[in-house]
Amino acid sequence: MDLSLIIMQLLSGIALGAVLVITALGLTIVFGMLGVVNFAHGALFMIGAYAGLYLASLTGSFWWGLLLAPILIGAFGMLIEFVLIRRLYGRSIDDPLLLTFGLSYILVEGVRIVFGSDGIPFPTPPQLIGVLDLGIGFFPRYRLFVIALVAVVLLALWLTLEKTRIGLIVRAGARDPTIMQVLGVDIGRVWLAIFGLGVGLAALGGVLAGPMRSVNPEMGSLVLAEAFVVTVIGGLGSIVGAVVAGLMVGISISLVALFAPEMATIVMFALMAVVLLIRPQGLFGVRGRTA
Amino acid sequence: MSKTGSMSKISRRTALAGLSASAALLAMPRLGRAADETIRIGFPTPLTGPFAAEARDQVKCAELAVKLVNDKGGIGGRKVELLVRDDKLNAGEAATRTLELIEKDKVHAVVGALSSAVQLAVNEVTRARGVIYVSISQSDTINEAKDFSKYTFHEALNPHMTTAAVARQTLKKGMKVAHLVADYAYGHEMLRGFKRAQAAIGADNVGEILHPFGAADYSTFMPRLMSMRPDVLCISNFGRDQANAIKQAVDFGVKQQMKIVVPVILHNQRLAVGPDVFEGVVGGANYYWGLEAQSKSAAAFNAAFKAANGGAIPTDYGAYGYSGVGSLLAAMQTAGGTDIDKVVDALEKLQYDLTKGPQHYRKCDHQSVQSVLVLESKKKSAMGGENDLFAILANDTGSDDMLRSCSELGHAT
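Quick note, the sequences are listed as chains A and B, same order. Numbering that gives the first Met the number 0 puts the first residue of the first sequence at 0, with every later residue one more than the last. Numbering that gives the first Met the number 0 puts the first residue of the second sequence at 0, with every later residue one more than the last.
Right, dumping it as structure tokens:
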């Protein structure tokens, strides 16, 4: 097996991992800061893809869809937090889990009613159609763009959390919300923003995945499972964990596909099982954390 | 607990009313069994899941077949009713639903199922209970002697027929062929069919990749497929897997290097990903509405479907629903009712032409002998309208020679 093939395979693994990272990130942030396991994350990913497609066809440009859909769906996420999730803080972890689980059914069924249960084509933006010759092989331009965009989003997120005052409040709020309230921070607003961010990231993942897959009401269910696996491997609530685990899963799937393609889906679950046996809290998780 | 509580609250009056009602029910069959009892056809199909689009078309067309018979006064004066059930693309679910249809709803026959594993499960149940089952799934394991019964009929094309027809149109001696195959019965059967056809033609196999059923991402298979440098890539999967696999192959520039061929080209998946992605892809089909230019039966079927569905056109898998139910009802018409042995006999002798030309069920394995279409997806600029999806490359007339022989399937000859 020649080296260029392995490098191409690595690259497709990284592109696959990039979408996993974006979706797992939203899930892990919401869990880490709010203690909410968002089972509607996959459905919101799908809603994001539909919103992106709708906005792109409305404005005639993919780029508006890519920009506006995460913002719009993020705002919708804030509405969900404000109207529904907020009432369940302080109760057992199962309550928001059941709520979001039910919500996911409503969202999927709603999309089926509005857009039908057939898939809808999501055209690749014209600037990114085709392949780029990398010298060792051809790679789709669009997937290279996805890798780059995810890197930029990660950098922006890291800078916001680590270098700004807002980031400081968010990190402190995750550590000890009571003290934050004593210090006069309106923690409710922080949680609202965090949930909106998590949902916005899911929607961004959906828009990015749109041109690579067909857009259909069930596209989120598989993504939810993948995002959970990544989150568990990385450690629930850990942002670094989500990034490392997302790339790890993407690359493992890709390399296994080279040698035993029929095992490509199972490998991520096998990876999760191994990680859980060796480090039950996940690669970057904190032991005994209950959020 | 609450059940016993409510039980004790039943008054004597309601108990008496209930008793007399059940007595009336018991008396019914003696009065009934009359000519006016409706004929019930069970129809399990995957209304939810990745094959939902195809399943819904099947239902629409099956309903049309029932409606047309009822409009003409039914069968021997009896109305026909279609009982649609969602099998959720799950063999266990399908078996349960089918059992319910037989035991509870007392259906007279079952038509349906789309996926190979589900079809086997339905066939298990119907075979054990001696109920006629007309399968409209592409997989044909139920025609082999080990799963076959005299109650089992297979209306759909089978992998052997479609792959042979597609290979004849696309492969030449010395060509290099690679395969991307869904790792379950459907994919395996299609792969077997293609390999047999390419061996007969003299094309070379350069590699096979099996992918997990229902995968969303195919990018990880592409570098290796490209490195095999084939002339033709055969993608043997179904439903959304077909749409996703072709879309991602095209993203990787596969079409610049090789031709993409599929055993069955799906109308709804072509709609789901658009003309640019499917442009030039060649695949087999049981039906395409454009056949109306060369077939009167197709024109009549299209017209009836349009009238019943607000001008929409019927699809490939929809046509299976129509001919599957239609052939069964025609046989019941001949048999003069629902007597199982008489209907089986009538089906075996039936010559029918519902959507595309003459068809009949072969005696030994009850496979429907029928024509096979080979279609090529049109370029966007060449489309004469939004429904003008495919060009018909070939319309091979049905014959017994298209099928694997009865003895090969394990039937006594």
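Every residue gets a Cβ at the ideal spot worked out from N, C-alpha and C, and that includes glycine. Note that the structure is a prediction, hence the values are computed from the model and not measured.
With a threshold of 8 Å between beta carbons, is L247 of chain B in contact with chain A? The sequence given here places Gln at residue 247 of chain B; Leu does not occur at that position. Yes, contact with chain A.
Below 8 Å on the Cβ atoms is my contact criterion, and I expect G234 of chain A with G284 of chain A to pass it. Report the Cβ-Cβ distance as a whole number of Å. 2 Å
K175 of chain B bridges to which residues according to DSSP? Under DSSP, the beta-bridge partners assigned to K175 of chain B are B:D203.
Against F193 of chain B, what residues of chain A qualify as contacts under a CB-to-CB distance less than 9 Å, listed in chain order? Going along chain A, no residue has its Cβ under 9 Å from F193 of chain B, so there is no contact; the nearest lies around 17 Å.
Taking CB distances under 8 Å as the criterion, tell me whether A14 of chain A reaches chain E. Included in the structure are the protein chains A and B, with no chain E among them.
Counting only Cβ pairs nearer than 8 Å, list the residues of chain A close to F251 of chain B. V130, F137, F138 and P139
Flag Q126 of chain A as yes if its beta-carbon sits less than 8 Å from any beta-carbon of chain B, otherwise no. no
In chain A, what lies closer than 8 Å to A214 of chain B by C-beta? A263 and T264
I146 of chain A to G12 of chain A, Cα distance in whole Å? Approximately 10 Å between the Cα atoms of the pair.
Answer yes or no: do F251 of chain B and P124 of chain A have a C-beta to C-beta separation smaller than 8 Å? Not a contact, by the Cβ cut-off of 8 Å.
First and last residue of the alpha helix (DSSP H) that includes V145 of chain A? R140 to K162
For D387 of chain B, count neighbouring Cβ atoms within 10 angstroms of its own Cβ and tell me buried if that reaches 16, exposed if not. exposed
Looking at P120 of chain A and A271 of chain B, is the spacing between their C-beta atoms short of 8 Å? One thing to note: A271 of chain B has its Cβ within 8 Å of the Cβ of P120 of chain A.
In chain A, what lies closer than 8 Å to D230 of chain B by C-beta? Simply none; closest approach about 17 Å.
Counterpart residues of N301 of chain B in DSSP-defined beta bridges: DSSP output for N301 of chain B lists no bridge partner at all.
So, with DSSP's three-state summary, where would you put K59 of chain B? helix
In chain A, what lies closer than 7 Å to D182 of chain B by C-beta? Within chain A, the residues near D182 of chain B are E261.
Unbroken stretches of the beta strand (DSSP E), 3 residues or longer, contained in the stretch 119 to 174 of chain B: Complete beta strand (DSSP E) runs here, min 3: 131 to 134 and 151 to 153.
C-alpha distance - S294 of chain B paired with D85 of chain B, whole-angstrom precision: 33 Å
Look at the Cβ atom of R104 of chain B, then the Cβ atom of G173 of chain B, and state whether they are nearer than 8 Å. The question names Arg, but residue 104 of chain B in the sequence shown is Asp. No, they are not a contact pair.
My output table needs one value for P260 of chain A: the three-state DSSP class, helix, strand or coil. Residue state, collapsed to three classes: helix.
Applying the criterion that 16 or more other CB atoms from any shown protein chain within 10 Å of the CB defines a buried residue, is W190 of chain A buried or exposed? buried
Buried or exposed: Q197 of chain B, going by 16 or more other Cβ atoms within 10 Å of its Cβ? buried
At the 8 Å Cβ level, is R142 of chain A part of the contact set with chain B, yes or no? yes
Do we get a CB-CB distance below 8 Å when we pair L257 of chain A with the residues of chain B? yes
Assuming A214 of chain B and D230 of chain B form a contact by the criterion Cβ under 8 Å, report the distance between their Cβ atoms to the nearest whole angstrom. The pair is not a contact, with the Cβ atoms about 25 Å apart (cut-off 8 Å).
By DSSP, does S116 of chain A sit in helix, in strand, or in coil? It is coil, neither helix nor strand.
So which of B:T140, B:V110, B:A244 and B:S326 has the shortest CA-CA distance to P211 of chain B? Ranking B:T140, B:V110, B:A244 and B:S326 by Cα distance to P211 of chain B puts B:A244 first.
Out of A:A259, A:G183, A:P122 and A:G219, point me to the one whose CA is closest to W62 of chain A's CA. A:P122
If you draw a straight line from the alpha carbon of A242 of chain B to that of L265 of chain B, how long is it in whole angstroms? 9 Å
To the nearest angstrom, report how far apart A112 of chain B and G134 of chain A are at their CA atoms. 48 Å
Is S115 of chain B helix, strand or coil by DSSP? helix
Could you check whether the Cβ of S91 of chain A sits closer than 8 Å to any Cβ belonging to chain B? no
Less than 8 Å between the C-beta atoms of P69 of chain A and L156 of chain A, yes or no? no
Give the straight-line distance between the Cα atoms of Y88 of chain A and A224 of chain A, rounded to the nearest whole angstrom. Cα-Cα distance, rounded: 24 Å.
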